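Single-structure report; data block below.
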Amino acid sequence: MTVSVKLFATLRKYLPEDAVNKTATIELGDQATAGDIISQLAIPDGHIHLILIDGKHSAEDTPLTDGAVVSFFPPIAGGV
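Be aware that the sequence shown starts at 0, since it is given in numbering that gives the first Met the number 0, and climbs by one per residue.
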């Protein structure tokens with residue numbers, strides 16, 4: 000299956016070189032999960048705080064579907 004992957008903020012450095020507009024197209028096996036993307040892109044443990052699959056909050060073990068858009072966000076800190 001083919002999915003689109005968007006990485007935000009500090010995670011962008013893990014995008015493949017052929018990514019366009021901060022989005023990568025990735026080929027995965029038929030029963031792939033969001034966790035498989037994390038492994039394929041070699042994103043270290045603890046670097047992802049939020050996963051959205053087609054705009055819905057998801058977990059690493061959520062199965063993907065062909066054509067899905069998977070977005071990963073790092074932990075964010077800030078304030079006064």
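Just so it is clear, CB atoms sit at the ideal spot from N, CA and C, and this is done for glycine as well. Note that the structure is a prediction, hence the values are computed from the model and not measured.
- A straight-line Cα-Cα distance of about 22 angstroms links L14 and A76.
- With contacts defined as CB atoms closer than 8 angstroms, T24 and D60 fail to qualify as a contacting pair.
- In this model, P73 and F7 are separated by some 7 angstroms (Cα to Cα).
- The beta carbon of I47 sits closer than 6 angstroms to those of F71, all from its chain and outside the five residues before and after it, given in chain order.
- When DSSP states are grouped into helix, strand and coil, A23 belongs to the strand group.
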